[in-house]
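Chemist: Taking mature numbering (1 follows the signal peptide of the UniProt record, and there is no 0), I'd label the letters of the sequence shown as residues -22 to -1, 1 to 440. Could you have a look at this structure, given as structure tokens, before my questions?
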Amino acid sequence: MAGVRSFFLFAAIALLFAGRYGDATAAARGYIKYKDPKAAVEERVEDLLTRMTLPEKLGTIDGINENNTVVDNATLFNVHMPPFELAVKKGIASIMASYSSLNGVKMHANRAMLTDYLKDTLKFQGFVISDWLGIDKITTPPRANYTYSIEASINAGIDMVMVPWEYKEFLEKLTNLVNGGYIPMSRIDDAVRRVLRVKFSLGLFENPFAEGSSLAAEFGSEAHREVAREAVRKSMVLLKNGKTDNDKIVPLPKKVKKIVVAGAHANNMGWQCGGFTLTWQGFNGTGENISRNKAMNLPTGKTRGTTILEGIMKTVDATTEVVYVEEPNQNTAKLHADAAYTIVVVGEAPYAESQGDSTTLNMAAPGPDTISHTCASGMKCVVVLVTGRPLMIEAYIDFIDAVAVAWLPGTEGQGVADVLFGDHPFTGTLPRTWMKSVVQLPMNVGDSAYDPLFPFGFGITN
């Protein structure tokens, strides 16, 4: 199944659990999950795990955000749920219901999953929280019958509801539903008990406030940035290195006469970071022009960090000329024929949730032209992909010398240069199958027609 996720969510938490998560998806809401079966990792995060929220969702039809998931019970419980059962057994504190549906039933109204399975069968002791306006979307269109949505969600097992605006209406209708016997008081007592249990376990009544500036001062510190840079290095995946086995190009030499760096993604902090950075849908450039209101109440100003271009310039020898061409054209290859090689950085524009849904998984313009005017025009080139998911690259693969996936490296673009130039090795492998075409989706390891461009777990190491 494409993009297998859980309707109980959080991408990061899936790092901890073995299990089959499936392969590429067109969905934008669910961020990439990784599988790490090492017990040492699980042990290190066990305490943190008990304090976290495990959110949403399983691969939907066509990978579309908030869509329907169709799956039989045997596949659901034997293949997809074991990792999340483990999370519950480890004491996860809260779980978020998904916007999506399971076999036609909205998860916010799915008592069979939220109560019968999660709370009764798995003995989950934490609380279930709705997604943002999640109960509104039980009906189509949203809020078509708000009273019904409240009744259905609370009775299904939602314990805490995210109601950003119409909270007075919510409280009034909920009270009426309880007084009228449509929602039993025992259900309210259970929800309150679950929320209080987690708050007491976290010590929020004894210490209700954050530790203040002692922790805030560490945000963005050099130590934190070094960890982020390390994460970039270790997550980079080398998919191709040389047109033949005897023609390897990576690691790149630092001391040459001249190199070209091409593509808008090479020098764009916003595109490196992806969605939910400063704003919901991310940003283009440095973020300097984003207003305080649009930037989630953060101060305006340039986002600190290192772009991929800046990382390259800091890494190469001082005598190496670095020429940046944001949008190459048909004359670029001729103008820079003396360049030893070209680093082409292309990918996607930032997105979050439904705004990133794609039926093509093509790279953003002018990425294809950037490759055409460099790699396909005779320049020796390494393509670096900045993307949160596999993109369609089969049409270009033959005339590219090397391909590396940087995913969304965030603010520490220096980590990309660290591995391109050999200061650190490529060690990453694909956390999902890289398909040749979207018509192959859904695609999973073990499928009879499994014929990917690069298989799950692939990665060239050096």
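Here a beta-carbon is modelled for each residue, glycine too, at the ideal position from N, C-alpha and C.
Name the one or two DSSP bridge partners that Trp412 has.
Modeler: For Trp412, which the question treats as bridged, DSSP gives the partners Phe432.
Chemist: So, helix, strand or coil for Lys226, using DSSP?
Modeler: Three-state DSSP puts Lys226 in coil, outside helix and strand.
Chemist: Would you say the region 238 to 246 touches the region 287 to 307, given that touching needs at least three Cβ pairs under 8 Å?
Modeler: Yes, since at least three Cβ pairs between the region 238 to 246 and the region 287 to 307 fall closer than 8 Å, the two stretches touch.
Chemist: Do Pro403 and Thr439 count as a contact pair if the criterion is CB distance below 8 Å?
Modeler: Yes, Cβ-Cβ distance for Thr439 and Pro403 is below 8 Å.
Chemist: If you run the structure through DSSP and keep just helix, strand and coil, what is Glu208?
Modeler: Looking at Glu208 - three-state DSSP - the assignment turns out to be helix.
Chemist: Which residues bound the alpha helix (DSSP H) around Val301?
Modeler: Run containing Val301: none in the alpha helix (DSSP H); it sits in the beta strand (DSSP E), Glu299 to Val303.
Chemist: Taking the straight line between their C-alpha atoms, what separation do you get for Phe434 and Met421?
Modeler: Going from the Cα of Phe434 to the Cα of Met421 covers about 10 Å.
Chemist: In or out: Lys101 buried (at least 16 other Cβ within 10 Å) or exposed?
Modeler: Exposed, since its Cβ has fewer than 16 Cβ neighbours within 10 Å.
Chemist: Give the single residue among Gly289, Ala130, Asp109 and His58 whose Cα lies nearest to the Cα of Ile73.
Modeler: The shortest Cα separation from Ile73 among Gly289, Ala130, Asp109 and His58 belongs to Asp109.
Chemist: Which whole runs of the beta strand (DSSP E) in the region 317 to 386 are 3 residues long or more, in chain order?
Modeler: Listed in chain order, the complete beta strand (DSSP E) runs (minimum 3 residues) inside the region 317 to 386 are 319 to 325, 359 to 364 and 380 to 385.
Chemist: Classify Ala65 as helix, strand or coil using the three-state DSSP reduction.
Modeler: Reduced to three states, the DSSP call for Ala65 is helix.
Chemist: Considering only their Cβ atoms, is the gap separating Met140 from Leu180 smaller than 8 Å?
Modeler: Against a cut-off of 8 Å, the Cβ pair of Met140 and Leu180 comes out as no contact.
Chemist: Please determine, among Thr99, Val57, Ala65 and Gly69, the residue with the shortest C-alpha to C-alpha distance to residue 482.
Modeler: Here the chain comprises residues numbered -22 to 440, so residue 482 is not present and cannot be evaluated.
Chemist: By DSSP, does Glu150 sit in helix, in strand, or in coil?
Modeler: In the structure shown, Glu150 sits in a helix (DSSP, three-state: H, G or I).
Chemist: Express the C-alpha separation of Ser131 and Cys353 in angstroms, rounding to a whole number.
Modeler: Taking the straight line from one Cα to the other gives about 54 Å.
Chemist: Which word fits Glu390, buried or exposed, when buried means at least 16 other C-beta atoms lie within 10 angstroms of its C-beta?
Modeler: Buried, since its Cβ has 16 or more Cβ neighbours within 10 Å.
Chemist: How long is the line joining the alpha carbons of Ile113 and Gln250, rounded to whole angstroms?
Modeler: Looking at the two C-alpha atoms, the distance is approximately 33 Å.
Chemist: With a 10 Å radius around its C-beta and 16 neighbouring C-beta atoms as the bar for buried, classify Lys218 as buried or exposed.
Modeler: Per the 10 Å Cβ criterion, buried.
Chemist: Considering only DSSP beta bridges, list what Met74 is partnered with.
Modeler: The partner list for Met74 (beta bridge, DSSP) reads Ile107.
Chemist: Would DSSP call Met140 helix, strand or coil?
Modeler: Met140 falls in the coil class under three-state DSSP.
Chemist: DSSP three-state call for Ile237: helix, strand or coil?
Modeler: If DSSP states are grouped into helix, strand and coil, Ile237 belongs with the strands.
Chemist: So, does the region 288 to 295 touch the region 391 to 401, judging by three or more C-beta pairs under 8 Å?
Modeler: With a cut-off of 8 Å, the region 391 to 401 and the region 288 to 295 count as touching, because enough Cβ pairs lie within range.
Chemist: Let me know the secondary structure DSSP gives Ser426 once reduced to three states.
Modeler: Coil at Ser426, not helix or strand.
Chemist: Could you compute how far the alpha carbon of Gln103 sits from the alpha carbon of Leu230?
Modeler: When rounded, the distance between both Cα atoms is 53 Å.
Chemist: Taking the continuous beta strand (DSSP E) assigned at Lys312, which residues delimit it?
Modeler: Careful: Lys312 lies outside any beta strand (DSSP E), inside the alpha helix (DSSP H) at Thr310 to Leu313.
Chemist: Distance, Cα to Cα, Ala71 vs Leu64?
Modeler: Looking at the two C-alpha atoms, the distance is approximately 13 Å.
Chemist: Count the C-beta pairs between the region 354 to 374 and the region 196 to 209 that are closer than 8 Å, then say yes if the count reaches three, no if not.
Modeler: No, they do not touch.
Chemist: Tell me whether Trp412 is buried or exposed, calling it buried when 16 or more other Cβ atoms sit within 10 Å of its Cβ.
Modeler: Classification of Trp412: buried, given that the 10 Å Cβ count is 16 or more.
Chemist: In terms of residues, what are the limits of the beta strand (DSSP E) holding Leu216?
Modeler: Start and end: Val215 to Asn219.
Chemist: In this structure, what does DSSP give as the bridge partners for Val83?
Modeler: Note: Val83 sits in a beta bridge opposite Leu80.
Chemist: Can you tell me the Cα-Cα spacing of Asp379 and Glu331, whole angstroms?
Modeler: Each residue's Cα considered, the two are about 34 Å apart.
Chemist: Excluding sequence positions up to five away, which residues of its chain have a Cβ less than 8 Å from the Cβ of Ala318?
Modeler: Only Pro231, Val234, Lys235, Lys236, Ile237 and Lys358 meet the Cβ criterion.
Chemist: Please report the straight-line C-alpha distance between Asn88 and Val48, rounded to a whole angstrom.
Modeler: Rounded to the nearest angstrom, the two C-alpha atoms are 14 Å apart.
Chemist: List the endpoints of the continuous alpha helix (DSSP H) containing Arg171.
Modeler: Met163 to Ser179 is the span of the alpha helix (DSSP H), which, as asked, contains Arg171.
Chemist: Are the CB atoms of Ser127 and Thr117 nearer to each other than 8 Å?
Modeler: Yes, the Cβ-Cβ distance between Ser127 and Thr117 is below 8 Å.
Chemist: Just to check my reading of the structure: Phe105 and Met59 have Cβ atoms closer than 8 Å, yes? What is that Cβ distance to the nearest angstrom?
Modeler: Between Met59 and Phe105 the Cβ distance is about 20 Å, and since that is not below 8 Å, they are no contact.
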